Amino acid sequence: YSIGQGYLLMTPLQLANLYAAIANGGRLVTPHLSRLGYKEPVDLGLDPAKLNVVRQGLEKVVSRGTGSRAGRFGVSVAGKTGTAQNAHGDDHALFAGYAPAEAPQYVAVAVLEAGKHGSRVASPMVGELLAHVLSHSVDAPEKRED
140 YSIGQGYLLM TPLQLANLYA AIANGGRLVT PHLSRLGYKE PVDLGLDPAK LNVVRQGLEK
200 VVSRGTGSRA GRFGVSVAGK TGTAQNAHGD DHALFAGYAP AEAPQYVAVA VLEAGKHGSR
260 VASPMVGELL AHVLSHSVDA PEKRED
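One point on numbering: in the working numbering, the residue at position 103 of the sequence shown is 242, and numbering is uninterrupted.
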């Protein structure tokens, strides 16, 4: 269980980057829109045992917790639901996750303004997206050395 009150400001891209670091063993990857200007990931020096505890927790959120709707598409997903209070209307919903949980390849984040609860709307959106991407993925092209 958790409660989030206060000011932690992150964009969906920053949240996706955080989840990518969790998924890939603690390496911070610089997001790119093209292969030009590629930068090697930065090792954050995270304790592998502690990182494994976090990964197991994210898997349990989907396998038997609030994010279970993300796991209904035939792919093992690890992630976390979230609900951000909105003083001016319905709460905002979010889900951040990666798949497959045991050997992550993709990260996705959904943020829905006035979506009410991350578990109801955002988690199935991410689960379906990850299942679709994994079922249609091809080997990524090799990085270019420019």
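Built from N, CA and C at the ideal position, the CB exists for glycine as well. Quantities reported herein were computed from a predicted structural model and do not represent experimental measurements.
| Environment of residue 237 [buried if 16+ CB atoms lie within 10 Å] | For the purposes of this step, residue 237 is taken as the residue at position 98 of the sequence shown. Classification for residue 237: buried.
| task | Provide the residue(s) that pair with residue 307 in DSSP beta bridges, ordered along the chain. | result | Lying before the first or after the last residue shown, residue 307 is absent from the chain, which here runs from 140 to 285.
| query | Which term fits residue 158, buried or exposed, when burial requires 16 or more other beta carbons within 10 angstroms of its beta carbon? | reply | The count along the sequence shown starts at 1 and reaches residue 158 at position 19. By the 10 Å Cβ count, residue 158 comes out buried.
| Selected residue, minimal CA-CA separation from residue 250, among 244, 232, 149, 187 | Counting from 1 along the sequence shown, the entry for residue 250 is found at position 111. Ranking the options by Cα distance to residue 250, first place goes to 232.
| message | So residue 268 and residue 247 are supposed to be a Cβ contact under 8 Å. How far apart are they, rounded? | response | Working through the sequence shown from its first residue, we reach residue 268 at position 129. Working through the sequence shown from its first residue, we reach residue 247 at position 108. Going by Cβ atoms, the distance from residue 268 to residue 247 rounds to 5 Å, so yes, they are a contact pair.
| message | Can you look up residue 174 in the DSSP assignment and give me helix, strand or coil? | response | What you label residue 174 is simply residue 35 of the sequence shown in a count that begins at 1. Coil.
| message | Less than 8 Å between the beta carbons of residue 230 and residue 222, yes or no? | response | Position 91 of the sequence shown, counting from 1, holds the residue named residue 230. Position 83 of the sequence shown, counting from 1, holds the residue named residue 222. Contact flag set, yes.
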